[in-house]
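As given, the protein sequences belong to chains A and B, one line each in that order.
For the first sequence, the UniProt record's numbering gives the first residue as 1, with consecutive numbering after it.
For the second sequence, the UniProt record's numbering gives the first residue as 1, with consecutive numbering after it.
Heads up, the beta-carbon is just placed ideally off N, CA and C, and yes, glycines get one too.
Values in this document were obtained by computation on a predicted structure and should not be read as measured data.
Accompanying notes for the structure given below.
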Amino acid sequence: MKFVLDAEQRLFTDTLHALLTGADTARAVRAWAAGDTKPGRALWSALADAGVFALAVPEAHGGAGPLPVELVCAAEQLGRHAVPGPFVETLAAAELLGRLGDDPLAATWLPRIAAGEALVSLTLPPAVPYALDGDVADLVLTADAETVREATAHGGTASLDPSRRLLPVVPGEPLVTGAAAASAAAYDLGALLCAAQQLGLGRALLDVSVEYARTRQQFGHPIGEYQAVKHHLADVLVELEYARPLLFGAALAYRTPEFSRDVSAAKAAASAASYLAARVALQVHGAIGYTDEYDPSLWIRKVRALYSAWGSPASHRARVVDAL
Amino acid sequence: MDLDFGPAEEEFRTEVRAWLRAHVPAEPLPSLETADGFAAHREWERTLGADRMVAVSWPREYGGRGVSLLQWLVFEEEYYAAGAPGRVNQNGTDLLATTLFRHGTPEQLARILPPIAAGEVIWAQAWSEPGAGSDLAGLRSTATRTRGGWLLGGQKTWSSRAPFADRAFGLFRSHPEAGRHRGLTYVMFPLDADGLTVRPIGRLDGKPAFAELFLDEVFVPDEDVIGVAGEGWKAAMSTAGNERGLTLRPPGRFMASVDRLVELWRERADPSDTALRDRLADVWIRCQAYRLKGFETISREDDIGVEASLTKVFWSELDVALHETALDLLGTDGELTSPWLEGYVFSLAGTIYAGTNEIQRNLIAERLLGLPRGAR
Ligand SMILES: Cc1cc2nc3c(=O)[nH]c(=O)nc-3n(C[C@H](O)[C@H](O)[C@H](O)COP(=O)(O)OP(=O)(O)OC[C@H]3O[C@@H](n4cnc5c(N)ncnc54)[C@H](O)[C@@H]3O)c2cc1C
């Protein structure tokens, strides 16, 4: 038993963190929100070069995976830096397609996903009803217990997170039938990676809040000297530190009967922890945290958006209890 | 990264499980917070001791089995799953022994540890005083130099199990001219010593399970000083983490409790009460998180240090939430005497003892997050 990341996994995580730290992701988020996906796409290619998308694609289709632990590491870093775009959806679609075996749909799209050339959006109604970034995705899929279909996305609905463009879809003809197991697996992986993204967002918000509390002065002292502030931040650390092992525990349960239950536990915990991190970040920053121009406000908004994305906390808690 | 137990753990699990099946009393023992119950639990501790089950991770020479920390976690999982009795000597096994392993002399290890492992000597912790709770370094009871040792004077309080225990360990001010933290000496003394009065105090459940100690020239020989005289604070603090961390509340305890909670849910739940269902889910999720975090901690193999404060806040809040959920499932029967109620009342103290959660949050903020030290 070694329930910690090995040296290679740590290096991979650190590499992504360094890459994204230097990439001004906030600017890419704002551009993405304004309809300019170029900086975001550039981030995607950099991430593809680092091997992120290949992690979800089976070797037979040009990938290196599926490697759930590494995927959780990557999603956590993508969340930490608020990378825009439907990467959870793309990786979940890879899981879906990878389960279809020799299907031509899989053969066409999986190598492109692995190479980072394809942005894929995916709906899994009712839990995932809208196609995230369906207007810019190279492929939009929709799946239910019976079928996998290509879909067209229309219109669009604004999200609290300006970089999340949510589109209703019109399903096309069934391409694959009898895909219940594949769509269930895609849902579980998507929920797990969404949870990892939430954890990364929470961590980033804690870091920026701690930094702010150390420097912002009121009444002649740094606000971080006051216990009301300290205790808020300490509680955030407790919640994040105890959500993380659930994510990796779930990743290790991939393809076992406990996977769905453990993913739901991780998602409910990550939702709660990141939400607390966002509430505290807002409080600790005062009005600055409430300001659109201030980059962490993008993180704060994304947290609330992801709170109920890929299944509400209540639906995940219900899945946990049903499995007990 | 993996969560697989190896053959050493599985073998040990089988052995422990068989032992527990053969030895755990069929009827639960009376509450260990009463004189009769304490006596019954003392007997149980001896039963454990006879087969080296008191402190399995200690070296064999002191009465342990020399097993790894991971095997210890396995032991605890089995122990609690078997519904085995509560342990009366956690002060001895987890606090005193850990301190002695680090600061004790070879003579002290050889003299003090085997009777703990045999279940023969039960220890109490005498740290708190009426005026020194969270601000422990403000303690005022004294140790005065005398020939061959020290004379203790003053008052200690809230000392768990002191009404029934044999010996105690605690901090006393020995060098009043040195700073608050500098002039303290850490000593061990018998609870039936001349000059010592133990007055039991009833707890929230009325049981006389902690006590005040009044000390009037209680003699302690030099060989019962832990570490260096005047530097007791260092010795005490170096192991305070154990009191807050994993060893005080092993994950197996929570896993066993939540399994029972799930049973209670099956028996009692109103399926339309989704609020209570959500709380059950959260408690189960948190128990799972605590277990996994324990594996992470053990995998890291370094000193847990201040991270023990995270552990303390987490398990103490979890313990309350778990028992509150049980009482709410019991509904109007929740106020009736039951193991759940007893567990609930005990859980309420968890956010206070072993350093209050406010103090732990200060430590987390300052030592783990690097926030500036404020007024105390
Ligand atoms: C069931 C039980 C068993 C115990 N067993 C033992 C034992 O075996 N041996 C032993 O020595 N002691 C024992 N204790 C005592 C325990 O360690 C103390 O109660 C604890 O350290 C708190 O001290 P206090 O009760 O004096 O509270 P105080 O220190 O007076 O605190 C009162 C309140 O003020 C808050 N507070 C105090 N200082 C600060 C600060 N700087 N910042 C923010 N908030 C603050 C506290 O968090 C608390 O909420 C036990 C206590 C209980 C309840």
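Using a 10 angstroms sphere on the CB of Thr-157(B), the tally of other CB atoms reaches 16 or more, which defines it as buried. Taking a C-beta distance under 9 Å as the contact criterion, Leu-91(A) and Ala-50(A) do not qualify as a contact pair. Looking at Ala-137(B), Tyr-353(B), Pro-130(B) and Asp-319(B), the one whose alpha-carbon comes closest to that of Asn-91(B) is Tyr-353(B). Within chain A, the residues Tyr-242 have their CB atoms less than 8 Å from the CB of Tyr-290(B), given in chain order.
Distance from the CA of Ala-40(B) to the CA of Glu-120(B), rounded to the nearest whole angstrom, comes to 13 Å. If you ignore the 5 residues before and after Pro-58(A), its C-beta comes within less than 8 Å of the C-beta of Gly-65, Pro-66, Gly-98 and Leu-110, all in its own chain and listed in chain order. Between Leu-199(A) and Leu-240(A), the C-beta gap is smaller than 9 Å, which places the two residues in contact.
Around Glu-225(A), the beta-carbon contacts reaching into chain B at under 8 Å are Leu-371, Pro-372, Arg-373, Gly-374 and Ala-375. Rounded to the nearest angstrom, the gap between the Cα atoms of Gly-62(A) and Leu-71(A) is 16 Å. When the alpha-carbon of Leu-152(B) is set against those of Phe-169(B), Leu-215(B) and Ala-209(B), the nearest one is in Leu-215(B). Listed in chain order, the non-local C-beta contacts of Pro-221(B) below 7 Å within the same chain comprise Gly-148 and Gly-149, local neighbours out to five positions each way being set aside. Secondary structure note for Thr-14(B): it is in no beta strand (DSSP E), and the uninterrupted alpha helix (DSSP H) holding it is 7-23. Excluding residues up to 5 positions away in sequence, nothing lies with its Cβ nearer than 8 Å to the Cβ of Gly-101(A) in the same chain.
Sequence-ordered contacts of the region 309-338 of chain B with chain A read Leu-310, Val-313 and Phe-314 [C-beta pairs closer than 7 Å].
Proximity of the beta carbon of Ser-297(A) to ligand 1 is not indicated: no heavy atom of the ligand is located closer than 8 Å. Following the DSSP letters along the chain, one finds Trp-44(B) inside the alpha helix (DSSP H) bounded by residues 35-50. Neighbours of Gly-249(A) across chain B, judged by C-beta separation under 9 Å: Leu-3, Gln-288, Ala-289, Arg-291, Leu-292 and Phe-295. Secondary-structure assignment with DSSP links Ile-352(B) through no beta bridge to anything. Using a cutoff of 8 Å, the CB of Asp-235(A) does not count as near ligand 1, since none of the ligand's heavy atoms is closer than that. Boundaries of the beta strand (DSSP E) harbouring Val-220(B): 210-221, taken from the DSSP string.
In this structure, Leu-246(A) lies away from Val-262(B), with their beta-carbon atoms at least 9 Å apart.
By the 16-neighbour rule on beta-carbons within 10 angstroms, Lys-302(A) is buried.
Counting only unbroken stretches of 4 or more residues, the alpha helix (DSSP H) elements lying wholly within the region 91-171 of chain A are 104-114, in sequence order.
In this chain, the beta strand (DSSP E) harbouring Trp-158(B) covers 149-160.
Close CB contacts of Asn-242(B) within its chain, under the 8 Å cut and outside five residues either way in sequence, are with Asp-94, Leu-95, Thr-98, Leu-248 and Ala-308 (chain order). In the DSSP assignment, Gly-86(B) falls outside any alpha helix (DSSP H), carrying neither H nor E. Between the region 282-294 of chain B and the region 253-273 of chain B, the count of Cβ pairs shorter than 8 Å is three or higher; the stretches touch.
Every alpha helix (DSSP H) stretch that sits fully inside the region 175-253 of chain A and reaches 4 residues is listed by chain position as 180-215 and 227-252.
At a beta-carbon threshold of 8 Å, the residues of chain B lying near Val-210(A) are Leu-369, Gly-370 and Leu-371, ordered along the chain. When the alpha-carbon of Leu-175(A) is set against those of Ser-209(A), Arg-149(A) and Ala-158(A), the nearest one is in Arg-149(A). For the alpha helix (DSSP H) assignment, the uninterrupted runs of no fewer than 4 residues enclosed by the region 1-56 of chain A are, from N- to C-terminal side, 7-21, 25-33 and 38-49.
The straight-line gap separating the alpha-carbon atoms of Glu-10(B) and Gly-249(A) is approximately 20 Å. In terms of Cα proximity to Thr-108(A), the closest of Tyr-242(A), Asp-138(A) and Ala-18(A) is Asp-138(A).
Listed along chain A, no residue sits closer than 7 Å to Ala-349(B) by beta-carbon distance, the nearest being about 19 Å off. Cβ proximity to chain A below 7 Å picks out nothing from the region 225-253 of chain B.
The nearest non-hydrogen atom of ligand 1 is 8 Å or more from the C-beta of Tyr-186(B).
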